[in-house]
Amino acid sequence: MNCKWKSKNNKFCNRNMKSGYTCIFHKNNKTKRENILFKHYIKKEKITYFLGFCFEEDFNIKEILNYKYNYLIFEECIFYKKADFSNFIFKGKIKFLNCKFLDEVWFFDSNIDANFIMEGNYFEEKIINNKIFRNTNINCQSFKLTGNTNLPRLDGIAFSKETKFILRDCHYTKNYNYIGKVNYTIAEIQAEKIHDDKNIGYYTYYERKYNTINRNDFGNYGEYLISKVLNYIARELMGYGEHLSKFFIYIISIISIFAFLYMLIGVTTASGEIIKFDFKNTNSIFGFLKMYIEFWYFSVITFSTVGFGDMTINGIIGKILVCLEVFIGITIQSTWAALIIKRMFR
Ligand SMILES: [Zn+2]
1 MNCKWKSKNN
11 KFCNRNMKSG
21 YTCIFHKNNK
31 TKRENILFKH
41 YIKKEKITYF
51 LGFCFEEDFN
61 IKEILNYKYN
71 YLIFEECIFY
81 KKADFSNFIF
91 KGKIKFLNCK
101 FLDEVWFFDS
111 NIDANFIMEG
121 NYFEEKIINN
131 KIFRNTNINC
141 QSFKLTGNTN
151 LPRLDGIAFS
161 KETKFILRDC
171 HYTKNYNYIG
181 KVNYTIAEIQ
191 AEKIHDDKNI
201 GYYTYYERKY
211 NTINRNDFGN
221 YGEYLISKVL
231 NYIARELMGY
241 GEHLSKFFIY
251 IISIISIFAF
261 LYMLIGVTTA
271 SGEIIKFDFK
281 NTNSIFGFLK
291 MYIEFWYFSV
301 ITFSTVGFGD
311 MTINGIIGKI
321 LVCLEVFIGI
331 TIQSTWAALI
341 IKRMFR
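Numbering (full-length UniProt numbering), first residue to last: 1 to 346.
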C-alpha cells in the first residue's frame, strides 16, 4: 500500500507502508510510542525530502541528521514546537517551502555553506522579534528568502563577501513594519557590498516603505501629517530612484503641468504679440495642440534655466510660477546628474 497524503501543490507522498491511509509522518496527535517511531523511521530511511511532515515534538537537526545527505527539503511541514537548526554545518543545499513554524526557530551559531532557500513559509507572530539567524555564518553563493510571512528579524547574520542575499515579498502586518525595515536594510547593505545593483533600488524602496511613522511619536497631528507627506514624496521620488525612466517621467510631467498653467496665464512674444488660451474662442484641437507646444517649449526653456527670452511671462502669478519651476528645475537637474553619474561608475 502507498501513502495517500497529497500536498497543496498536488505532490504525493506515495511512501510504501504496511497499513493505514497515510503514513506516520503526516499524523497529528501522535502517541509517545509513535513519536519515537517517527524519529526512528526518519533515520532508518535516511530521509532528505520531508514532504508534509508534522513535527509535534522539538525538532533538533543534530539529533536526527546523523546520516549523509546532498540536499534537504522541508516542504509543507509543520513545526509545532521548537525547530532547532543550531550549531550545525550545512554542507548540502537546504530548502524550506511553504512550511509553518509555530514556535521558536533557531539557526544559532550555524554555518550555511551550501545554497539556502526559504520560500512561502509562515512564522508565528510571537517569534517575529527573535533573531533566528544569530551568529549564523552564511558562506554560500545564494541565500534566498522569498514570500515569507512574519519573517523574523535577520540581524546577527554574518554574510560572506560572495553571498548574494535575495529578500523578496515579505508579508508583515502593520504592527511589525519595523521588522520589514530592519530586514530590508540588511538586504540593502549586503547588496551594496557585493554590488548587486539590480536589487539595491528594490531594497531602498522597501526600506522606506516599511519606515513607519507612528502617530504616537508626534505631539500634534500637523507634525505627523507633514512627516507622512514628506515620507510619501521621498518614497515616490527616490524609492525606485535608481530607475532613470521613472525619474524621466516625473520631469516630463512637471514640465507639462507648468506648460498648461502658462497657457492659462499667457506670454508675450518678442514681437509684442500676446499668446493666451481663450476659453470663449475655443480653437480646433489642432490649434490647441499647436499652442500647447509653444507653451511646452517655454516650460522646457524655463525648467532648464536656459531662458532664451523670446517669450516673457505676463503678470505676477506668472512670475511666481516661473520662479517655482526654475527652482524645481535646478533641484531635479542636479539629482538627475547624480543618478546618471552613479550609474556610470558602477
Ligand atoms: Zn506519507
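All C-beta atoms, glycine included, are put in the ideal place defined by N, C-alpha and C.
Small disclaimer: the values here were computed from a predicted structure and weren't measured.
As assigned by DSSP and simplified to three states, the class of residue i
i	result
residue 105	strand
residue 414	With the chain running from 1 to 346 in the structure shown, residue 414 is simply not present.
residue 160	coil
residue 1	coil
residue 55	strand
residue 22	coil
residue 173	coil
residue 27	coil
Cβ separation of residue i and residue j, assumed to be a contact under 8 Å, to the nearest whole Å
i	j	result
residue 180	residue 206	7 Å
residue 109	residue 129	Actually they do not touch by this definition, with Cβ atoms about 19 Å apart.
residue 50	residue 75	7 Å
residue 64	residue 43	7 Å
residue 27	residue 54	6 Å
residue 159	residue 132	That belief does not hold up - the Cβ atoms of residue 159 and residue 132 are roughly 15 Å apart, past 8 Å.
residue 314	residue 265	6 Å
residue 58	residue 82	5 Å
residue 255	residue 303	5 Å
Neighbour-count burial assignment, residue i, 16 or more Cβ in a 10 Å radius
i	result
residue 289	exposed
residue 258	buried
residue 199	buried
residue 217	exposed
residue 229	exposed
residue 31	exposed
residue 154	buried
residue 170	buried
residue 67	exposed
Cβ shell of residue i (< 7 Å), same chain only, five flanking positions each side left out
i	result
residue 312	267 and 268
residue 196	164
Own chain, CB closer than 8 Å to residue i, minus 5 neighbours either side, in chain order
i	result
residue 99	74, 75, 76, 77, 78, 79, 121 and 122
residue 231	208, 211 and 213
residue 10	none
residue 321	258, 261, 262, 265 and 313
Cβ shell of residue i (< 6 Å), same chain only, five flanking positions each side left out
i	result
residue 93	71, 114 and 115
residue 96	74, 118 and 121
residue 168	146
Within-8 Å CB hit, residue i to chain D
i	result
residue 220	Among the protein chains of the structure shown there is no chain D, as only one such chain exists.
My parser needs the alpha helix (DSSP H) runs of 4 or more residues fully inside the stretch 191 to 272; what are they?
197 to 209, 221 to 238 and 244 to 265
Whole beta strand (DSSP E) runs in the stretch 109 to 155 with 3 or more residues, listed along the chain?
116 to 119, 136 to 138 and 142 to 146
To test your reading of the DSSP string, which unbroken beta strand (DSSP E) runs of 3 or more residues are found completely within the UniProt domain "Potassium channel" (292 to 345)?
311 to 313
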